[in-house]
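Numbering (this note's numbering), first residue to last: 364 to 448.
Shown next, in the form of structure tokens:
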């Protein structure tokens, strides 16, 4: 059950490309979780992971669809998906 709290425990060599949208003010899923997740990918020699750090972003900063966080996320998510289609 620990893997439900720590996604780094789920990473394998063939884990899929992953885009993480992380607010640096997230108090629910702290920034260190994203760092550990990326480190786990790199430890498995899998560099198909990217983290978008959002300054002052909280856990659900992208919920307001026309807001600046969601617009930024959509821009990079579309490009990430195109890269790995």
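Heads up, the beta-carbon is just placed ideally off N, CA and C, and yes, glycines get one too.
None of these values were measured; they are calculated from a predicted model.
Report buried or exposed for residue i, applying the criterion of at least 16 other Cβ atoms within 10 angstroms of its Cβ.
i           : result
residue 423 : exposed
residue 385 : buried
residue 430 : exposed
residue 444 : exposed
Measuring alpha carbon to alpha carbon, tell me which residue in the options is nearest residue i.
i           : options            : result
residue 404 : 417, 434, 448, 383 : 383
residue 392 : 369, 409, 444      : 369
residue 442 : 395, 390, 415      : 415
residue 435 : 397, 406, 402, 420 : 420
Among residues of its own chain, excluding the 5 on either side of residue i, which ones have a beta-carbon nearer than 8 Å to its beta-carbon?
i           : result
residue 381 : 400, 404, 411, 412, 413
residue 377 : 409
Taking residue i as part of the alpha helix (DSSP H), name the residues at either end of that continuous run.
i           : result
residue 435 : 431-446
Using C-beta distances below 7 Å, list every residue in its chain close to residue i, excluding the 5 sequence neighbours before and after it, in chain order.
i           : result
residue 440 : 382
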